[in-house]
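Let me begin by presenting the structure, written as structure tokens, before commenting on it.
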Amino acid sequence: MAKKKEEANEDGFDDLEGLNSGEIESVYPKLEKSKKESKSDDLGVVDDSSEEEEEEEFVEPIQDDTPTYKYLDLEITEKEGNNNYEIYIEGQSHGFLNVFVKLLLDLEGVDIAAYKKNNLQSPMIFLKLNDGYKIKEILREGINNLRDEVIDVQKIFKKLM
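If you read the sequence shown in the numbering used here, its first letter stands for residue 914, the second for the next number, and so on.
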């Protein structure tokens, strides 16, 4: 077998020799232990006060059984055509949107209901209402139906437990 000839360094790495100089060290400060840390390390004394503080931080507060309600951040815009709406809802998941849209579809006066969620913008619900129905009344009725369904599910879970 033929041996490979050593080639001259053509990659331009000849300038790397300058990196070994003290120029780089002068940019970054040297880290040294403080006097306080070095004394405690020499004596072998451990400060227990920080451990006690950490234990106190992880105490969980006692939770009440009262529900905490969260308000929805809604932005309702009317689109082209009569009774076409887009509703932007901040910070909601597919689970909430899916259940809410299904409940809206069951309401009288809702012709079309669908949602769209992507990572670039807030989740949107598309609604098309029949003539004579108002968007705010439909949303209130849908939210009330959602509350009733959640309460029913909570009661069933309590019976099972």
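Where a beta carbon is used, it is the ideal one built from N, C-alpha and C, also for glycine.
With 16 other CB atoms within 10 Å as the buried threshold, where does residue i fall?
i	result
TYR984	exposed
Excluding sequence positions up to five away, which residues of its chain have a Cβ less than 8 Å from the Cβ of residue i?
i	result
ILE1069	none
ASN1011	TYR1028
ASN1075	The shown model of the chain, from 914 to 1074, leaves out residue 1075, and the question about it has no answer.
Only counting the same chain, and skipping five residues up and downstream in sequence, which positions put a Cβ closer than 7 Å to that of residue i?
i	result
HIS1007	LYS1030
GLY1055	PHE1013, LEU1016, LEU1017, LEU1020
GLN1005	PRO1036
So the candidates are the options; which of them puts its Cα closest to the Cα of residue i?
i	options	result
VAL1014	ASN997, GLY1004, PHE1039	PHE1039
VAL1023	LEU1052, ASN1032, PHE1009	LEU1052
GLU993	ASN1058, GLU1062, LYS1041	LYS1041
LEU1017	GLN1067, ASP1065, GLN1005, GLU1050	GLU1050
TYR1046	ASN997, VAL1063, LEU987	ASN997
Do you know how far the Cα of residue j is from the Cα of residue i?
i	j	result
SER953	MET1074	Residue placement at SER953 is flagged as unreliable, the pLDDT there being 49, under the threshold of 50; a coordinate-derived value is accordingly withheld.
ILE989	LYS1071	37 Å
GLU999	MET1037	6 Å
VAL1066	LEU1020	20 Å
ALA1026	PHE1009	14 Å
ASN1057	LEU1033	30 Å
ASP986	ARG1060	17 Å
GLU991	ILE1064	32 Å
Counting only the same chain and skipping the five closest in sequence on each side, list residues whose C-beta sits under 6 Å from that of residue i.
i	result
SER1035	TYR1001, GLU1003
Unbroken alpha helix (DSSP H) runs of length 4 or more, entirely within the stretch 999 to 1058: which are they? 1007 to 1019
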